[in-house]
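Asks: Convert by adding 528 to the 1-based position in the sequence shown; the result is the number in my numbering.
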Amino acid sequence: MKILVLNCGSSSIKYQLIDITDENSSVLLAKGLCERVGSEIGEFTHRPKDKEKYYEKIPIPTHKDGIALVLKALTDENIGVISSLTDIEACGHRVAHGGEIFTQSVCINEEVKQHIKSLEPLAPLHTPANLAGIEAMENLLPNAPQVAVFDTSFHHTIPREAYLYGVPLKYYEQYRVRRYGFHGTSHRYVAPKAAKMCGIDINNSKIVSCHLGSGASLTAVKNGKSIDNSMGFTTVEGVMMGSRCGDIDAGALLYIGEKEGWGYKELNRFITKDCGLNGLTEGVTDMRDIMAGKRAGNQKLGDAFDVFAYRVRKYIGAYAAAMGGVDIILFTGGIGENAWWQREAICTGLEFLGAEIDKTINEQTAGKDGIISTNNSKVKILSVTTDEEYVIAKDTYDLCK
Numbered sequence: 529m530k531i532l533v534l535n536c537g538s539s540s541i542k543y544q545l546i547d548i549t550d551e552n553s554s555v556l557l558a559k560g561l562c563e564r565v566g567s568e569i570g571e572f573t574h575r576p577k578d579k580e581k582y583y584e585k586i587p588i589p590t591h592k593d594g595i596a597l598v599l600k601a602l603t604d605e606n607i608g609v610i611s612s613l614t615d616i617e618a619c620g621h622r623v624a625h626g627g628e629i630f631t632q633s634v635c636i637n638e639e640v641k642q643h644i645k646s647l648e649p650l651a652p653l654h655t656p657a658n659l660a661g662i663e664a665m666e667n668l669l670p671n672a673p674q675v676a677v678f679d680t681s682f683h684h685t686i687p688r689e690a691y692l693y694g695v696p697l698k699y700y701e702q703y704r705v706r707r708y709g710f711h712g713t714s715h716r717y718v719a720p721k722a723a724k725m726c727g728i729d730i731n732n733s734k735i736v737s738c739h740l741g742s743g744a745s746l747t748a749v750k751n752g753k754s755i756d757n758s759m760g761f762t763t764v765e766g767v768m769m770g771s772r773c774g775d776i777d778a779g780a781l782l783y784i785g786e787k788e789g790w791g792y793k794e795l796n797r798f799i800t801k802d803c804g805l806n807g808l809t810e811g812v813t814d815m816r817d818i819m820a821g822k823r824a825g826n827q828k829l830g831d832a833f834d835v836f837a838y839r840v841r842k843y844i845g846a847y848a849a850a851m852g853g854v855d856i857i858l859f860t861g862g863i864g865e866n867a868w869w870q871r872e873a874i875c876t877g878l879e880f881l882g883a884e885i886d887k888t889i890n891e892q893t894a895g896k897d898g899i900i901s902t903n904n905s906k907v908k909i910l911s912v913t914t915d916e917e918y919v920i921a922k923d924t925y926d927l928c929k
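1. Please report the distance separating the alpha-carbon of I752 from that of G727.
2. Quick check on F880: buried or exposed, where buried means 16 or more other Cβ atoms within 10 Å of its Cβ?
3. For L927 and A921, I'd like the C-alpha separation in whole angstroms.
4. Fully enclosed by the stretch 570 to 610, which alpha helix (DSSP H) runs are 4 residues long or longer?
5. I'd like to confirm the pairing. Which residues does DSSP put opposite V623 in its beta bridges?
6. Return the chain-ordered ranges of every beta strand (DSSP E) run that is complete within the stretch 648 to 695 and spans a minimum of 3 residues.
7. Does the contact criterion of 3 or more C-beta pairs under 8 angstroms hold for the stretch 551 to 558 versus the stretch 580 to 590?
8. So, with DSSP's three-state summary, where would you put T888?
9. If we ignore side chains and look at the alpha-carbon of each, how far apart do I900 and L653 end up?
10. Is G712 closer than 7 angstroms to H683 when the C-beta atoms are compared?
11. Could you pull the DSSP bridge partners for Q544 from this structure?
12. Three or more beta-carbon pairs under 8 angstroms between the stretch 713 to 725 and the stretch 816 to 834, yes or no?
13. Do you know how far the Cα of R575 is from the Cα of Y700?
14. Could you check the C-alpha separation between K908 and I885 for me, to the nearest Å?
15. Closer than 8 angstroms is the cut-off here; do at least three beta carbon pairs connect the stretch 665 to 682 with the stretch 620 to 635?
16. What whole-angstrom Cβ distance do I755 and T685 have, given they're in contact under 8 angstroms?
17. Between the stretch 888 to 907 and the stretch 864 to 877, do at least 3 Cβ pairs fall closer than 8 angstroms?
18. What is the rounded straight-line gap between the Cα of E638 and the Cα of K645?
19. Could you tell me the alpha carbon to alpha carbon distance between I569 and K592, rounded to whole angstroms?
20. My output table needs one value for N637: the three-state DSSP class, helix, strand or coil.
21. Closest to G877 by CA distance: which of K896, K842, I856 is it?
22. Would you call the CB atoms of D604 and K530 closer than 7 angstroms?
23. From which residue to which residue does the beta strand (DSSP E) around K906 run?
24. What does the alpha-carbon distance come out to for the pair E794 and E916?
25. If you draw a straight line from the alpha carbon of S539 to that of V565, how long is it in whole angstroms?
26. Roughly how many whole angstroms lie between the Cα atoms of Y693 and G760?
27. I'd like to confirm the pairing. Which residues does DSSP put opposite A744 in its beta bridges?
28. Spatial neighbours of I655 within its chain, please: C-beta separation below 8 angstroms, excluding the five flanking residues on both sides.
29. Measure the alpha-carbon distance for T913 versus G741 and round it to whole angstroms.
30. Considering just the uninterrupted stretch of the alpha helix (DSSP H) at S932, what are its terminal residues?
31. Throw me the rounded Cβ distance for the G594 and L602 pair, which I believe falls under 8 angstroms.
32. Report yes if the C-beta distance between D923 and S633 is below 7 angstroms; otherwise report no.
33. Taking A778 as the reference, which of T680, V695, G627, G882 has the closest Cα?
34. Is it buried or exposed, G825, if we count other Cβ atoms within 10 angstroms and call 16 or more buried?
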């Protein structure tokens, strides 16, 4: 079954065309990215299997235009990988927020679309784009079934004592203000993969999964189920990220807002766009550049590096406490998989847990799977490559086969 996987952001469209032939076999036929959707000039990158990469700058006014560009490329006689659009048998969409309504992936119909729309206030930056992608596919490929895969659904097992906030209960009961957790497709993929790499039964395991990238979250995975995630009601809570502040005293935000004369929109932009690594470094968000600056003695970049490592290390300790121990600490995502120096900094100081990183193996395991702890380490430390698109494709396959 050839499945088109779409991840529509506010101004971007990531896609993959995956051919799943059975439960255990799949082939990536093509992948790519539409950037600057809605801007005067967009960028389109298409990477077909066994062919040269294609790139062009072209106006992409809407998500529908972007998806039309994707479908055109997939069937192009020179850069395409299928002969006809009818070869696409289903489409899987990454949807940011499923609230308490969606605890697993679902086939999309009008009722599902209305429920997703009702959750828009919980993810105002992501949900409109997710819906735009769904509606575009309905128009462009109306006969292909569509599936929604939710970032939050893996975390529906978080217990009540972990998801309730210390605010009047009526705000949960009326407005569903609670911890939801995100990056669920990634954590759901890497946790059992890590357990298999270590020869540990996922159903009898304690895993701290660290998905570290421009967005970052940690999950406590106990016996294969999420019992806590560092992100909360939104994707802002938790460790410091590329441009998101992470954990901060709410009183500090009120104070800054009052001093600056800001309303809701200004504060929302501040915590999502102007903070994190971007704020501490005054514009640098790439961990490679931050590490280079730290080595060169740049105080701002050094502080950003150290704060990031400290925040992640603190959550690892917290989740070890929440689970009553830890068997595996895994790193995934753009930073987690590739920035071996950041992994080393994070793990330095975790020896009290019985976690000891092998510095040589760690450096040699950038961008690939591997166990990076010492032979004497009681806790296994791993680099694990994630594949969120495959999770979406597999759920789509299971629902549509």
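In this text, a Cβ means the ideal position worked out from N, Cα and C, and glycines have one as well.
Replies: Quick answer:
1. As written in the sequence, residue 752 is Gly, which differs from the Ile given in the question. Going from the Cα of G752 to the Cα of G727 covers about 14 angstroms.
2. exposed
3. Those two C-alpha atoms are separated by around 10 angstroms.
4. 591 to 603
5. F678
6. Runs of the beta strand (DSSP E) inside the stretch 648 to 695: 674 to 678.
7. With the cut-off at 8 angstroms, the stretch 551 to 558 and the stretch 580 to 590 do not touch.
8. helix
9. 36 angstroms
10. Yes. Within cutoff.
11. V533, K559
12. no
13. 45 angstroms
14. 9 angstroms
15. Contact holds: three or more Cβ-Cβ distances are below 8 angstroms.
16. Confirmed, about 7 angstroms.
17. yes
18. 10 angstroms
19. 15 angstroms
20. Per DSSP, reduced to three states, the secondary structure at N637 is coil, with no helix or strand assignment.
21. K842
22. Contact: no.
23. From DSSP, K906 is part of no beta strand (DSSP E); its letter is neither H nor E.
24. 32 angstroms
25. 4 angstroms
26. 9 angstroms
27. For A744, which the question treats as bridged, DSSP gives the partners L740.
28. Sequence inspection shows Thr at residue 655; the Ile mentioned does not correspond to that position. The beta carbon of T655 lies closer than 8 angstroms to those of V623, A624, H625, I644, K645, L647, E648 in the same chain, with the five residues before and after it left out.
29. Each residue's Cα considered, the two are about 12 angstroms apart.
30. Here the chain has residues from 529 to 929 only, and residue 932 is not among them.
31. Not really, about 13 angstroms apart at Cβ, beyond 8 angstroms.
32. yes
33. V695
34. exposed
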